[in-house]
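Numbering (this note's numbering), first residue to last: 17 to 177.
Here is the structure we will look at.
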């Protein structure tokens, strides 16, 4: 079973912090087991696509003194001025080796980013205190597989249900 949604400029501006509801439902309740984790994964991937892909924000700003507030102000300003940009989110529910999986793919119209710096980063105590990049590591921890493609503006995540 595959489903998806394409968010254009107007819908992106309405969903500033990601989809409000993770309405992933099947009659057999396969997806009901971990709605919190699924919501976290989808929200993180959506927000990365929005902030860094469509809006072109640099997370390193958060590391500066007063940087987090500046980051959020710049995010709101760019959202208000947004003229174009697309985020496509696709879901595919399937069985593999007699186990259910949900594949999540997010693609944005942005330039991409150096995902190797985050996906290949060591999971050490020091990285937990950084002001950016933790979300990618969290998604990587929750999913069976996380793969970035193109210039980093397309990500595939496989979640075991």
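A virtual CB, placed ideally from N, CA and C, is assigned to each residue, including glycine.
Extent of the continuous beta strand (DSSP E) to which residue i belongs
i	result
residue 121	115-124
residue 76	Run containing residue 76: none; DSSP gives neither H nor E here.
residue 84	Per DSSP, residue 84 belongs to no beta strand (DSSP E); it is in the alpha helix (DSSP H), 83-96.
Coil, strand or helix - residue i by DSSP
i	result
residue 102	coil
residue 107	strand
residue 4	The structure shown does not extend to residue 4, since the chain spans only 17 to 177, so no value can be given for it.
residue 20	strand
residue 151	helix
residue 127	coil
residue 41	Bear in mind that a pLDDT of 49 at residue 41, under 50, signals an unreliable position, so the number given afterwards is only what the model happens to contain. It is coil, neither helix nor strand.
Buried or exposed by the 16-neighbour rule on C-beta atoms within 10 Å, applied to residue i
i	result
residue 124	buried
residue 110	exposed
residue 133	exposed
residue 157	exposed
residue 75	buried
residue 121	buried
residue 81	exposed
residue 112	exposed
residue 96	exposed
residue 88	exposed
residue 52	exposed
residue 167	exposed
Contact under 8 Å by Cβ, residue i with residue j
i	j	result
residue 103	residue 20	no
residue 151	residue 70	no
residue 175	residue 56	no
residue 98	residue 107	no
residue 116	residue 177	yes
residue 90	residue 73	yes
residue 23	residue 171	no
residue 28	residue 128	no
Extent of the continuous alpha helix (DSSP H) run through residue i
i	result
residue 60	51-64
residue 68	Segment: none, residue 68 is in no alpha helix (DSSP H) and carries neither H nor E.
One or two residues paired with residue i in a DSSP bridge
i	result
residue 162	173
residue 112	115
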